[in-house]
Amino acid sequence: MDIPAHATRLTQRITALDGLRAFLALLITAYHLGAPGIHGAVVALPVFYAMSGTLITSLLLAEVRKHGRVRLPRFVLNRFLRIAPPVVVLVIGVSVLWPVVGGFNRSVEDLGVAATLALTWTTNIARAFFGIRQGVLDPLWSLSAEEQFYVLWPVLFAVLIGWRRGRRALVVALLLFIVVGPALCAPFFVPGVDAAPAAVYYSPPISMSSLASGCLGALVLDRLRATGRWSSRAARVSTWGGLIALLAIAAAFHPGWKSDPLLIIGALPLSGAAAACFIAGLGTVETLPARVLSVRPLAWYGARASYSLYLWHLVVLAILTPYLGGVSGRLGILVVAVGIGALFGIAVEQPADRFRKWALRSRSSGQRALDTAAGQP
């Protein structure tokens, strides 16, 4: 099993990544509020995906290094308890508010359908292949893609990492996700057909390409650090190179980007690769971007409330849009959304996270007791 025994800093809490989460959530909220000139904000999701892929793979590597294997049930439970409770609260809240927000953004009329898709993590599939819009629950399509990947990747990792050439097999599998997935979408992209952009943009291969880029970035970073080839200079080049590439890709997006196949099947996956480079450097060396993103209020919000902002911002938009118009009104909605995100972050995310940690500790204690009773070391 080819896992070097060096420390992987990306398994620790990194303030700059918390700040990045907050910035991306704010950018997506501003985009949905119709802020002018930020069509490139769409690359925020590939950056989120790449960050998730990087962190989950770093955790998997650390798991194997510490325990000699991936404890899949515990790993899956950990991810589920991190993501699911705020979503359940969102679905309950939206169910109560459905008479007010149900018709937002041409949403599906049946609350039962909307809730079922949300709680089964199939929103992206429903949107891509059946054209079902979720209205205020639309943000869950990206979380659905993540959850689907979280089912596939840890299992694939656990199976292959024990092989003699397991790391190489993992790299090949990730390259297939990154390159072949978007390529398979190309024949289904029909310019001028309204349903075609959704079928491609919301399809799992496009999302999983960026997730896989993050995973690949973590594997490469782990190898470079193990062999002593990851220097401060390399980290700075990775940070600035990734950031410049992201800004260049974002600048290429225009109002009609959803009808542009080069942007959807080319630029979006490429932005995931650029994000993986940016994140690898951001998490391992201090640079100007790292210092900016580590500003305390931004990092605090990213760690404790950005997830809730992402989940709830369309609900706030749906409720307040009829009453608040113009630039000042939109700014007011943004302020309220940020406040609601903080409220649910404190009231839901933090208690759920404490429960998650308690549940994992209890499970570990129970497993140790069983091992002791069975005479295992």
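Here this note's numbering is used: the first residue of the sequence shown is 975, the next is one more, and so on. Just so you know, even glycine gets a beta-carbon here, dropped at the ideal spot from N, CA and C. For clarity, every value in this text was computed on a predicted model and none was experimentally measured.
Beta-carbon proximity list for residue i, same chain, < 7 angstroms, skipping 5 on both sides
{"i": "residue 1227", "result": "1013, 1014, 1016, 1237"}
{"i": "residue 1331", "result": "none"}
{"i": "residue 1309", "result": "none"}
{"i": "residue 1225", "result": "1014"}
{"i": "residue 1122", "result": "1095, 1178"}
{"i": "residue 1229", "result": "1013"}
{"i": "residue 1045", "result": "1037"}
{"i": "residue 1173", "result": "1102, 1103, 1162"}
{"i": "residue 1130", "result": "1147"}
{"i": "residue 985", "result": "Any reading at residue 985 is ruled out, since the residue's pLDDT is 46, under 50, leaving its predicted position unreliable."}
Residue i in three-state terms, based on DSSP
{"i": "residue 1047", "result": "helix"}
{"i": "residue 1298", "result": "coil"}
{"i": "residue 1127", "result": "helix"}
{"i": "residue 1122", "result": "helix"}
{"i": "residue 1274", "result": "helix"}
{"i": "residue 1266", "result": "helix"}
{"i": "residue 1286", "result": "helix"}
{"i": "residue 1258", "result": "coil"}
{"i": "residue 992", "result": "helix"}
{"i": "residue 1139", "result": "coil"}
{"i": "residue 1279", "result": "coil"}
Best match in the options for proximity to residue i [C-alpha to C-alpha]
{"i": "residue 1246", "options": "1180, 1100, 1035", "result": "1180"}
{"i": "residue 1001", "options": "988, 989, 990, 1021", "result": "1021"}
{"i": "residue 1302", "options": "991, 995, 1009, 1104", "result": "1009"}
{"i": "residue 1094", "options": "1193, 1129, 1062", "result": "1062"}
{"i": "residue 1204", "options": "1185, 1220, 1184, 1258", "result": "1258"}
{"i": "residue 1284", "options": "1199, 1197, 1019, 988", "result": "1019"}
{"i": "residue 1355", "options": "1212, 1295, 1309", "result": "No information on residue 1355 is available, as it lies outside the stretch 975 to 1351 that the chain covers here."}
{"i": "residue 1068", "options": "1084, 1191, 1273", "result": "1084"}
{"i": "residue 1291", "options": "1145, 1007, 992", "result": "1007"}
{"i": "residue 1214", "options": "1191, 1256, 1186", "result": "1256"}
{"i": "residue 1092", "options": "1102, 1105, 1072, 1064", "result": "1064"}
{"i": "residue 1126", "options": "1031, 1106, 1078", "result": "1031"}
{"i": "residue 991", "options": "1151, 1120, 1076, 1270", "result": "1270"}
{"i": "residue 989", "options": "1274, 1324, 1296, 1326", "result": "1274"}
{"i": "residue 1148", "options": "997, 1187, 1313", "result": "1187"}
{"i": "residue 1103", "options": "1209, 1321, 1175, 1295", "result": "1175"}
{"i": "residue 1077", "options": "1295, 1304, 1313", "result": "1295"}
{"i": "residue 1120", "options": "1033, 1054, 1138", "result": "1054"}
{"i": "residue 1086", "options": "1066, 1035, 1101, 1057", "result": "1066"}
{"i": "residue 1034", "options": "1116, 1114, 1124, 1234", "result": "1124"}
{"i": "residue 1265", "options": "1157, 1210, 1234", "result": "1210"}
{"i": "residue 1026", "options": "1041, 1254, 1075, 1234", "result": "1254"}
Nearest-angstrom Cβ-Cβ length linking residue i and residue j, presumed shorter than 8 angstroms
{"i": "residue 1118", "j": "residue 1096", "result": "6 angstroms"}
{"i": "residue 1280", "j": "residue 999", "result": "4 angstroms"}
{"i": "residue 1159", "j": "residue 1177", "result": "6 angstroms"}
{"i": "residue 1183", "j": "residue 1152", "result": "5 angstroms"}
{"i": "residue 1282", "j": "residue 1240", "result": "No, residue 1282 and residue 1240 are not in contact; Cβ-Cβ is about 33 angstroms, not under 8 angstroms."}
{"i": "residue 1323", "j": "residue 1073", "result": "Their Cβ separation, rounded to whole angstroms, is 27 angstroms, which puts residue 1323 and residue 1073 out of contact at 8 angstroms."}
{"i": "residue 1193", "j": "residue 1145", "result": "6 angstroms"}
{"i": "residue 1272", "j": "residue 993", "result": "4 angstroms"}
{"i": "residue 1191", "j": "residue 1028", "result": "5 angstroms"}
{"i": "residue 1305", "j": "residue 997", "result": "Not quite, the Cβ-Cβ distance comes to about 17 angstroms (not below 8 angstroms), so this is no contact."}
{"i": "residue 1317", "j": "residue 1307", "result": "Between residue 1307 and residue 1317 the Cβ distance is about 15 angstroms, and since that is not below 8 angstroms, they are no contact."}
{"i": "residue 1143", "j": "residue 1134", "result": "5 angstroms"}
{"i": "residue 1128", "j": "residue 1070", "result": "Residue 1128 to residue 1070, Cβ: 35 angstroms. No contact."}
Contacts around residue i, its chain only, beta-carbon distance under 8 angstroms, and the 5 residues preceding and following it disregarded
{"i": "residue 1043", "result": "1037, 1132, 1136"}
{"i": "residue 1206", "result": "1259"}
{"i": "residue 1079", "result": "1107, 1109, 1110, 1112, 1288, 1292"}
{"i": "residue 1220", "result": "1017, 1021, 1245, 1248, 1249, 1252"}
{"i": "residue 1231", "result": "1013, 1016, 1237, 1238"}
{"i": "residue 1139", "result": "none"}
{"i": "residue 1198", "result": "1204, 1208"}
{"i": "residue 1329", "result": "1055, 1059"}
Same chain only: Cβ atoms within 6 angstroms of residue i, ignoring 5 sequence neighbours per side
{"i": "residue 1216", "result": "1248, 1251, 1252"}
{"i": "residue 995", "result": "1276, 1280"}
{"i": "residue 1287", "result": "1003, 1311"}
{"i": "residue 1278", "result": "1319"}
{"i": "residue 938", "result": "Only positions 975 to 1351 of the chain appear in the structure, and residue 938 is not among them; the question remains open."}
Distance cut-off 8 angstroms: residue i Cβ against heavy atoms of the ligand SAH
{"i": "residue 1323", "result": "What this structure holds is no ligand at all, so the ligand SAH is not there to describe."}
Which parts of the stretch 1176 to 1253 are runs of the alpha helix (DSSP H), unbroken and 4 residues or longer, counting only runs that do not cross its ends?
-> 1178 to 1200, 1206 to 1225
Which whole runs of the alpha helix (DSSP H) in the stretch 1300 to 1336 are 4 residues long or more, in chain order?
-> 1300 to 1318
Unbroken stretches of the alpha helix (DSSP H), 4 residues or longer, contained in the stretch 1064 to 1120 = 1085 to 1093, 1097 to 1104
Residue ranges of each alpha helix (DSSP H) run of no fewer than 4 residues wholly in the stretch 1003 to 1048, ordered along the chain?
-> 1018 to 1041
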